[in-house]
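Remarks on the structure that follows.
Protein chains: 2
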Amino acid sequence: MDDLNIPFEQLVDGLQKVLEKYGMEESRARRCAILFAQADLDGVYSHGVNRFFTFLDYITNDWVKLDREPELLSQLGVFERWDGRFGVGNLNAEFAMGRAIELSREFGIGCIALKNTNHWMRAGNFGWQAVEAGCIGICFTNTIANMAAWGGSEPKIGNNPLVVAIPRKEGPVVLDMAMSQFAYGKMSIAESKNEQMPFAAGFDDKGKLTTDPSTILKNRLALPVGLWKGSGLSLVLDMLSALLSGGNATNKVNDMGTEIGLSQVFISIDPDKLALLEWMDQKADEIINDLKSSTSFDGKTVRYPGESSLETRNRNLKNGVPISKSLWEKIQNEAK
Amino acid sequence: MDDLNIPFEQLVDGLQKVLEKYGMEESRARRCAILFAQADLDGVYSHGVNRFFTFLDYITNDWVKLDREPELLSQLGVFERWDGRFGVGNLNAEFAMGRAIELSREFGIGCIALKNTNHWMRAGNFGWQAVEAGCIGICFTNTIANMAAWGGSEPKIGNNPLVVAIPRKEGPVVLDMAMSQFAYGKMSIAESKNEQMPFAAGFDDKGKLTTDPSTILKNRLALPVGLWKGSGLSLVLDMLSALLSGGNATNKVNDMGTEIGLSQVFISIDPDKLALLEWMDQKADEIINDLKSSTSFDGKTVRYPGESSLETRNRNLKNGVPISKSLWEKIQNEAK
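Sequence order for the protein chains is A and B. Residue 96 is where the first sequence starts when you use the working numbering, and the numbers rise one by one after that. Residue 96 is where the second sequence starts when you use the working numbering, and the numbers rise one by one after that.
See below:
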């Protein structure tokens, strides 16, 4: 790929200018641009700038209302429900995790349920947001149906990404996992290279496991992690999102025809408020050190979730964020 | 198998008598017996009466202290930490979920972190406990290391069961999943029948996926659900358990030499207190009905987690709980 390395700040500025041209207020455009750029900064190229123009299409189609801010629906101590009002997904999510963090400062735990929101792009951002505030962050979202339930032969459940983020001085642990074994984006890339997936990635039209991306891209029967287990986990994440927020479950998102009006949950736990700091770092280090002391099949060191993101971030901060030349030109043209 | 069908109450009485003979106080012996019998009642034969004599060995070895009740360590509104004092695992867990439910009645959400506890046997019991109280229940535990972390070639992470239970009038949704694709107990059964597992179940000694139970029973390299994803999820569940409770992580449980001194987390959400009842049942029904309307590969109806348990429970309540003749005789002899 013909990549440029764009300094992070320059990338943010470019995206921000485009968003302002689309009518987004300056400070919101800046935050939104940072959230897009941060995905690329951390090496999650599938959920950052590569989705920016799709996001702009959603604005143009009026599926994403670019100036709407979340509205409080109900509150009771640690728990609040908010209406995302079909606003900007990543801004809504950042707001919601921020509000969960505020509640956890006061109560030890904070939980925000958000309805009528839109795609938050890179899920992990909101886990990093929590750990950078010194908090444990847990969040999940529902999605449009893009996997079959176990035994089923049509898409009925979402891949419902789940984030669990745990602060640690030497590098936080940030798990960011969708319930599908492989993202459709990764399968598209494999298909374009005429490659098979390295492990079973979905079902063929007879219900047998397959590694063939073309088959799965056609029938939309991506594999849930752990077969029946991930199918069940996806279902309960969807239920929790919809029931706590009072918003749409995956079946209702499907009725929208496009992936809008999602339901999400954000939880923050403040270890300081809960008096856990006495042992947090030492225990976390012991766990990670024990994991990394594991013998391995290929002689490489076992890695923990979030470890690569931090390395990639540091490298990209130094060398610039890799962006394809054509995409960067498109951004610059759009910003003119 | 030469099975008897023992009425539930008779099974409970038999187990209770044995526990009392071992020195357990009457009301605790009754609760403990019910929790064992309930696993079998719901068809989870791997984590019920079949483990009863192993549990008695733990008492005899003084690994499980049969008269110790949990002790409060700290409390702050929705969050409490308790010390399980190496007491009876299922009684400690039932107490902790009960306490989480009490907190959720007051605050909407309750969270109990429990350290120094022991194996809770069937995880799902504590999810059913929550939904029977009308609450959403979430709980998880760490375990001894029984899977390799992704890329690793030795057991370093636990299969850390996770329960998510959601009340619903027509039948609650109760997900009870360990992070291993198959339980070692199921692999032992397959090995004894000289059968292969139906899907990849672990790694062979070269790190390739295998369906051979004998290989995995020897090298203890069971497959995490979703490969690297379940490996990551197992790690963060262990971290949350140990960091919130201040107790042992899996690496420390390993140092004990036997699976004792675990850390667990119990969360209850009271939909009534949080004013979610207005839509709970309707939305839950819509989600489940949509799931069950799915086309399927084998013509059968797609099922949701917990659906089979309830059917089995109703059948076993009517016909008696299936117990092998030899095991029932052993219980009766022990009770004399």
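All residues carry an ideal CB built from backbone N, CA and C; glycine is no exception.
Beta strand (DSSP E) containing residue i: first to last residue?
i: A260 of chain A; result: 257 to 261
i: T175 of chain A; result: It is Glu, not Thr, that sits at residue 175 of chain A in the sequence shown. Run containing E175 of chain A: 174 to 178, per the beta strand (DSSP E) assignment.
i: L171 of chain B; result: 166 to 171
i: D98 of chain B; result: 98 to 101
i: K395 of chain B; result: Unbroken run through K395 of chain B: none, as it is neither H nor E.
i: K251 of chain A; result: 250 to 252
Considering Cα atoms alone, identify which of the options is closest to residue i.
i: N161 of chain A; options: A:S141, A:L304, A:D135, A:H214; result: Residue identity differs from the one stated: residue 161 of chain A is Leu in this sequence, not Asn. Comparing Cα positions, the closest option is A:H214.
i: I207 of chain A; options: A:A337, A:P319, A:A296, A:T305; result: A:A337
i: P262 of chain B; options: B:G229, B:R398, B:E290; result: B:G229
i: E406 of chain A; options: A:D97, A:F202, A:E265, A:G109; result: A:E265
i: W177 of chain A; options: A:W223, A:L209, A:G205; result: A:L209
i: L270 of chain B; options: A:E115, A:M282, A:L330, A:L312; result: A:L330
i: F392 of chain B; options: A:I204, A:W158, A:F190, A:A244; result: A:A244
i: R315 of chain B; options: B:K413, B:K288, B:S275; result: B:S275
i: F294 of chain A; options: A:V320, A:K288, A:G302; result: A:V320
i: D135 of chain A; options: A:E373, A:K368, A:R146; result: A:R146
i: G246 of chain A; options: A:K387, A:D299, A:M272; result: A:D299
i: S283 of chain B; options: B:V258, B:I311, B:L257, B:K301; result: B:I311
i: E189 of chain A; options: A:L369, A:N411, A:D367, A:F361; result: A:F361
i: A260 of chain B; options: A:L335, A:A128, A:Q170, A:R125; result: A:L335
i: G401 of chain A; options: A:N220, A:A195, A:V268, A:S141; result: A:V268
i: E164 of chain A; options: A:C127, A:K395, A:M216; result: A:C127
i: D152 of chain A; options: A:L114, A:I129, A:Q224, A:A124; result: A:L114
i: E429 of chain B; options: B:K116, B:K395, B:S199, B:G327; result: B:K116
According to DSSP, simplified to helix, strand and coil, what is residue i?
i: M242 of chain B; result: strand
i: A228 of chain A; result: coil
i: V159 of chain A; result: coil
i: D108 of chain B; result: helix
i: L270 of chain B; result: strand
i: Q291 of chain A; result: coil
i: Q359 of chain A; result: strand
i: L304 of chain B; result: strand
i: P209 of chain A; result: The question names Pro, but residue 209 of chain A is Leu in the sequence shown. Note: L209 of chain A maps to strand in three-state DSSP.
i: S275 of chain A; result: strand
i: F221 of chain B; result: helix
i: F181 of chain B; result: coil
i: K281 of chain A; result: helix
i: Y149 of chain A; result: It should be noted that the sequence gives Thr, not Tyr, for residue 149 of chain A. In the structure shown, T149 of chain A sits in a helix (DSSP, three-state: H, G or I).
i: S141 of chain A; result: helix
i: K116 of chain A; result: helix
Which term fits residue i, buried or exposed, when burial requires 16 or more other beta carbons within 10 angstroms of its beta carbon?
i: S122 of chain A; result: exposed
i: I418 of chain A; result: buried
i: Q291 of chain B; result: exposed
i: F174 of chain B; result: buried
i: T448 of chain A; result: The first residue shown for chain A is 96 and the last is 431, placing residue 448 of chain A beyond what the model contains.
i: D137 of chain A; result: buried
i: S403 of chain B; result: exposed
i: S340 of chain B; result: buried
i: D333 of chain A; result: buried
i: V150 of chain B; result: The sequence given here places Phe at residue 150 of chain B; Val does not occur at that position. It is buried - the Cβ of F150 of chain B has at least 16 other Cβ atoms within 10 Å.
i: T212 of chain B; result: buried
i: L167 of chain A; result: exposed
i: F148 of chain B; result: exposed
i: L386 of chain B; result: buried
i: N289 of chain B; result: exposed
i: T345 of chain A; result: buried
i: Q359 of chain B; result: buried
i: Q377 of chain A; result: exposed
i: N365 of chain A; result: According to the sequence shown, residue 365 of chain A is Asp rather than Asn. Burial call: buried.
Go to residue i, then tell me how far its alpha helix (DSSP H) extends in each direction, as first and last residue.
i: R200 of chain A; result: 184 to 202
i: G327 of chain A; result: 323 to 340
i: P308 of chain A; result: 308 to 314
i: N384 of chain A; result: 372 to 387
i: N414 of chain A; result: 402 to 414
i: K420 of chain A; result: 420 to 430
i: K347 of chain B; result: 345 to 351
i: S122 of chain B; result: 121 to 136
If we define contact as Cβ-Cβ less than 7 angstroms, is residue i a contact residue for chain C?
i: K264 of chain B; result: Of the protein chains in the structure, A and B, none is chain C.
Three or more C-beta pairs below 8 angstroms linking the segment 377 to 397 of chain A and the segment 223 to 239 of chain B: no
contact_flag[the segment 102 to 113 of chain A, the segment 414 to 429 of chain A] where n(CB pairs < 8 angstroms) is 3 or more: yes
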